[in-house]
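Trainee: Could you have a look at this structure, given as C-alpha cells, before my questions?
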Amino acid sequence: MSTSGQELYAVADFCLIPMGTGEPSVGPYIAECHRVLQKSGLTFKMHGYGTNLEGPWDDVCAAIRDCHLAVHGQGAPRIATDIRIGTRTDKTLAPGSGNAGKLARVQEILAADKP
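Yeah, the sequence shown ends on 115 if you go by our numbering, and it's all consecutive.
Laid out in C-alpha cells, this is it:
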C-alpha cells in the first residue's frame, strides 16, 4: 500500500529465461507466457529481450508467477527471471499509461533537440 492507502501501481520490465530445455530456442515458452499475459488483462508489450508490464502491484506479480507456472508446465525444469519494478506515489498514473508515458517524455525531450 502507498502512503495514501491506495494500492501501488507497478510499471515493470521482466525477462523470463527458461533453462534446461535442451534446445536453444525459447520462442515456444515465451509464446505461452504471452498467452498468460493476454488472459491477465494487464497492459503489456513484449520486446526483443523481455516484456513491459503494468498494473496493480499484486496483479503484476501474479502475472509473472503465472508465466512461471505455465512455462514449467511446458516442461522447463528451471526458470530465471530478471525483474525491474517502478512505483510512484507523487502522481497517479492512468491504467496502461506508465510505460507509454515514459517513452513519450523522452521523445518529447529529443524532439526539442531538433532545429
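Even for Gly, the Cβ is constructed at its ideal location relative to N, Cα and C.
1. Among the candidates L110, H72, L8 and T43, whose CA atom is the shortest distance from the CA of A21?
2. Can you have a look at A104 and say buried or exposed, based on whether 16 or more other CB atoms are within 10 angstroms of its CB?
3. Count the CB pairs spanning the stretch 77-92 and the stretch 35-45 that are closer than 8 Å, and state whether there are at least three.
4. Helix or strand or just coil, what does DSSP make of R88?
5. Look up L53 in the DSSP assignment and say whether it is helix, strand or coil.
6. Is DSSP giving V11 helix, strand or coil here?
7. Can you give the Cα-Cα distance for T43 and G86, rounded to whole angstroms?
8. Rounded C-beta distance between V11 and G98? I'm assuming under 8 Å.
9. Which term fits G55, buried or exposed, when burial requires 16 or more other beta carbons within 10 angstroms of its beta carbon?
Mentor: Checking against the coordinates, here is how it stands:
1. For clarity, residue 21 is Thr in the given sequence; the question names Ala instead. Ranking L110, H72, L8 and T43 by Cα distance to T21 puts H72 first.
2. exposed
3. no
4. coil
5. strand
6. strand
7. 15 Å
8. 4 Å
9. buried
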